[in-house]
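Student:
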Amino acid sequence: MCAYMTRNDSCLAPPVANPKQGLKILRALLRERSLLTPLRLMQEMVGDVFQITLPAFQPAVLIGAQANRLLLVQEREKFSWRVETDPVTKLLRRGLLVTDGAEHDALRALMEPALQRGQSETYSARIWHITNQLTRDWRDGQVRDMLLEMRRLALVILMGCLFRVEFANEMERLWQPILHVLEYISPGMWIFLPHLPRPSYRNSIRALDAYLYRILRERRAELERDESARAQTDLLTRLCLTDLSDDVIRDQLLTMLIAGHDTSTALLAWTLYLLGAHPEWMARARDECNAVLDDLSHPPRPEQLNRLVLLDSLLKEALRLCPPIHIGNRRATEKVCVLDYEIPQEARVMYSIYLAHRDPKYWRDANEFCPERFREGTGVPPFTYVPFGGGPRNCIGAAFSQIEAKVVLARLLQEFDLELLNAQQIKPHMGATLEPRPAVKMRVTRRTRL
Ligand code: HEM
Numbered sequence: 002m003c004a005y006m007t008r009n010d011s012c013l014a015p016p017v018a019n020p021k022q023g024l025k026i027l028r029a030l031l032r033e034r035s036l037l038t039p040l041r042l043m044q045e046m047v048g049d050v051f052q053i054t055l056p057a058f059q060p061a062v063l064i065g066a067q068a069n070r071l072l073l074v075q076e077r078e079k080f081s082w083r084v085e086t087d088p089v090t091k092l093l094r095r096g097l098l099v100t101d102g103a104e105h106d107a108l109r110a111l112m113e114p115a116l117q118r119g120q121s122e123t124y125s126a127r128i129w130h131i132t133n134q135l136t137r138d139w140r141d142g143q144v145r146d147m148l149l150e151m152r153r154l155a156l157v158i159l160m161g162c163l164f165r166v167e168f169a170n171e172m173e174r175l176w177q178p179i180l181h182v183l184e185y186i187s188p189g190m191w192i193f194l195p196h197l198p199r200p201s202y203r204n205s206i207r208a209l210d211a212y213l214y215r216i217l218r219e220r221r222a223e224l225e226r227d228e229s230a231r232a233q234t235d236l237l238t239r240l241c242l243t244d245l246s247d248d249v250i251r252d253q254l255l256t257m258l259i260a261g262h263d264t265s266t267a268l269l270a271w272t273l274y275l276l277g278a279h280p281e282w283m284a285r286a287r288d289e290c291n292a293v294l295d296d297l298s299h300p301p302r303p304e305q306l307n308r309l310v311l312l313d314s315l316l317k318e319a320l321r322l323c324p325p326i327h328i329g330n331r332r333a334t335e336k337v338c339v340l341d342y343e344i345p346q347e348a349r350v351m352y353s354i355y356l357a358h359r360d361p362k363y364w365r366d367a368n369e370f371c372p373e374r375f376r377e378g379t380g381v382p383p384f385t386y387v388p389f390g391g392g393p394r395n396c397i398g399a400a401f402s403q404i405e406a407k408v409v410l411a412r413l414l415q416e417f418d419l420e421l422l423n424a425q426q427i428k429p430h431m432g433a434t435l436e437p438r439p440a441v442k443m444r445v446t447r448r449t450r451l
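Structure representation (structure tokens):
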């Protein structure tokens with residue numbers, strides 16, 4: 002039994018696997034190098050609340066709607082998002098994602114306006130142009146890895162929309178640094194061992210920082226030079242108009258760059274995989290796009306995006322089955338009793354989005370791809386579906402990423418026939434997000450216009 006597991010009168014320590022179960026779970030962990038199967042096995046064998054007892058990694062894991070509500074809303078004051086020793090905290094320093102309390106709330110209030118739905122017309126047009134630009138050289142019959150293509154798109158879109166900078170030219174130079182940084186924050190062997198960054202990581206962070214400080218300097222210079230630039234509504238401009246220091250702005254830019262593009266990459270790649278594996282749904286989605294977005298020479302308007310209801314349910318189902326962020330991570334700031342289990346102060350606590358989304362108590366045919374379940378009017382019980390988290394610290398980029406996914410997918414479906422070539426190989430990989438690996442290979446053919 003782990004050192005911190007104590008009992009009081011009313012609360013029990015979270016249960017753990019017995020040695021036989023533990024061995025089976027450990028084998029799955031070593032085989033798959035991912036927590037997904039071990040977590041599912043723990044839930045099956047131990048229940049919806051349990052504790053992992055690896056040598057240097059002993060979080061309590063909570064699964065289900067009630068747990069989500071407690072962690073995200075009711076008891077959230079008793080947990081902090083910042084875990085000082087985690088690589089993501091070392092990388093993002095004072096970034097929104099890893100701050101708490103008043104510091105977090107002030108940053109969030111500054112940044113929220115740049116990401117609200119009110120901006121959707123501007124963003125939709127930019128996303129549409131960037132998608133056209135980056136797919137222009139796709140040739141008939143080529144096989145493209147959509148995981149890679151979607152990362153390229155997501156990066157240029159994020160930088161173009163939120164920072165108002167042209168990123169396509171920087172891509173080649175910063176591609177590896179971005180991948181190294183993602184690898185650094187992915188839950189890997191640091192779960193068991195002290196986390197020593199590789200030299201490649203140090204060089205990568207240097208390259209990324211140099212770039213971020215440069216665009217920050219350039220934007221400050223533009224604002225000095227040109228009074229009218231102050232009216233721009235992108236996030237970088239807004240941050241420059243606050244009294245935040247350059248270092249704190251760097252932390253927010255890096256947070257948005259990492260949190261904002263890697264998640265969208267995963268959502269787009271998973272949705273293309275699911276559409277490729279279910280061609281009948283691909284055809285229906287394309288028909289809907291063609292009916293609603295009849296003027297192919299013009300970016301979609303917000304009310305047209307709202308009418309893409311089938312595409313909307315496809316995206317929701319992709320987020321349910323393959324949530325890019327599949328687990329939430331906290332630290333208990335005080336001793337707390339949740340769901341009758343005692344969590345000691347300082348303990349790491351996790352909520353599993355992936356397992357909540359596949360809970361047969363709430364989802365019929367939970368492991369099946371069934372976008373119909375999200376048809377208009379068929380609501381889901383609160384806190385059973387949390388792809389963007391929930392409560393006051395839900396995902397700040399949720400609205401933006403949904404506009405992005407709709408515009409990109411509509412564009413691809415209208416412009417190309419897409420044939421999935423490696424469905425059998427694709428498995429969820431737990432990197433910084435849950436990704437379809439090794440690749441989503443699709444043959445692309447430009448559709449002929451009548
Ligand atoms: C499909 C796309 C996305 C998914 C599935 C997603 C998912 C999530 C989830 C689950 C959380 C809460 C995590 C927790 O409770 O521990 C979160 C928070 C956050 N997300 Fe996203 N996200 C997406 C896109 C984005 C984008 C586009 C941005 C930025 C432009 C972004 C920035 C953030 C930030 C900064 C937070 C922390 C918010 C806070 O603590 O106040 N995300 N996201």
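Just so you know, we're using this note's numbering here: the sequence shown kicks off at 2 and counts up by one. Note that the Cβ used here is the ideal one computed from N, Cα and C, for glycine as well.
1) For ligand 1, I want to know if I186 counts as a neighbour, meaning its beta carbon is within less than 7 Å of at least one of the ligand's heavy atoms.
2) Which parts of the stretch 120 to 196 are runs of the alpha helix (DSSP H), unbroken and 4 residues or longer, counting only runs that do not cross its ends?
3) Within 10 angstroms of its Cβ, does Q120 collect 16 or more other Cβ (buried), or is it exposed?
4) Is M151 closer than 8 Å to M443 when the C-beta atoms are compared?
5) Shorter than 7 Å, the distance from the beta carbon of H358 to the closest heavy atom of ligand 1, or not?
6) Skipping 5 residues on each side, what residues in its chain have a beta carbon closer than 7 Å to that of Q391?
7) Out of K25, R127 and L224, which has the shortest C-alpha to C-alpha gap to V157?
8) Decide if F58 is buried, meaning its Cβ has at least 16 other Cβ atoms within 10 Å, or exposed.
9) Let me check one thing: in DSSP terms, what residues is Y352 bridge-paired to?
10) Residues bridged to E343 by DSSP?
11) Measuring straight from C-alpha to C-alpha, what distance separates G161 and A424?
12) Can you list, in chain order, the residues of its chain whose CB lies under 7 Å from that of L275, leaving out five sequence neighbours each side?
13) Say the cut is 7 Å; is the CB of M257 nearer than that to a heavy atom of ligand 1?
14) Helix, strand or coil: which one does DSSP assign to R365?
15) Is P280 near ligand 1, in the sense that its beta carbon is under 7 Å from a heavy atom of that ligand?
16) Can you give me the Cβ contacts of E171 inside the same chain, cut-off strictly under 7 Å, excluding the 5 residues immediately before and after it?
17) Whole angstroms are fine: how far does the CA of P361 sit from the CA of P303?
18) Look at the Cβ atom of Q253, then the Cβ atom of R165, and state whether they are nearer than 8 Å.
19) When you compare only the Cα positions, how much space is there between M431 and L422?
20) The alpha helix (DSSP H) with T446 in it runs from where to where?
21) In this structure, how does DSSP classify L116 when only helix, strand and coil are distinguished?
22) What are the uninterrupted segments assigned as alpha helix (DSSP H) that are 4 or more residues long and contained completely in the stretch 235 to 287, given in chain order?
23) Within the same chain, show all residues whose beta-carbon is closer than 7 Å to that of E416, passing over the 5 residues directly before and after it, in chain order.
Tutor: With the structure as the only source:
1) Along the sequence shown, read from residue 1 onward, the residue named residue 186 stands at position 185. I186: no, Cβ never under 7 Å from ligand 1.
2) 121 to 136, 147 to 163 and 172 to 186
3) As a working note, residue 120 is residue 119 in the sequence shown. Buried, by the Cβ-count rule.
4) Along the sequence shown, one-based indexing puts residue 443 at 442. Along the sequence shown, one-based indexing puts residue 151 at 150. No, they are not a contact pair.
5) For this step, residue 358 is matched to residue 357 along the sequence shown. No, the Cβ of H358 stays beyond 7 Å of every heavy atom of ligand 1.
6) Numbered from its first residue, the sequence shown carries residue 391 at position 390. In the sequence on display, residue 391 carries Gly and not Gln. Excluding sequence neighbours, G391 sits near N69, L73, V74 and F384.
7) Here residue 157 refers to the residue found at position 156 when the sequence shown is read from its first residue. Nearest C-alpha to V157: R127.
8) Counted from its first residue, the sequence shown places residue 58 at position 57. When all chains shown are included, F58 counts as exposed.
9) Start at 1 with the first residue of the sequence shown, and residue 352 comes out as number 351. Answer by DSSP bridge pairing, in chain order: L63 and G329.
10) As a working note, residue 343 is residue 342 in the sequence shown. C338, per the DSSP bridge assignment.
11) As a working note, residue 161 is residue 160 in the sequence shown. As a working note, residue 424 is residue 423 in the sequence shown. Whole-angstrom Cα-Cα distance: 32 Å.
12) Here residue 275 is taken as the residue at index 274 of the sequence shown, counted from 1. Taken in chain order, the residues that qualify are A319 and F370.
13) Along the sequence shown, one-based indexing puts residue 257 at 256. For ligand 1, at least one heavy atom lies less than 7 Å from the Cβ of M257.
14) As a working mapping, residue 365 is identified with position 364 in the sequence shown. Correct three-state label for R365: coil.
15) Against the sequence shown, residue 280 aligns to sequence position 279. Result no, Cβ not under 7 Å from ligand 1.
16) The residue labelled residue 171 in the question sits at position 170 within the sequence shown. Same-chain partners within the cutoff: Y212.
17) Within the sequence shown, numbered from 1, the residue matching residue 303 stands at position 302. Within the sequence shown, numbered from 1, the residue matching residue 361 stands at position 360. So the alpha carbons of these two residues sit roughly 35 Å apart.
18) Translated into positions along the sequence shown, residue 253 becomes position 252. Translated into positions along the sequence shown, residue 165 becomes position 164. No, the pair does not count as a contact, with Cβ atoms beyond the cut-off.
19) Counting from one through the sequence shown, the residue named residue 431 turns up at place 430. Counting from one through the sequence shown, the residue named residue 422 turns up at place 421. If you take the alpha carbons of M431 and L422, they lie about 22 Å apart.
20) Your numbering for residue 446 matches position 445 in the sequence shown. Note, T446: premise wrong, no alpha helix (DSSP H); beta strand (DSSP E) at K442 to R447.
21) Reading the sequence shown from its first residue, position 115 is the one you call residue 116. It is helical.
22) 236 to 241 and 247 to 278
23) As a working mapping, residue 416 is identified with position 415 in the sequence shown. Taken in chain order, the residues that qualify are T136, R447 and R448.
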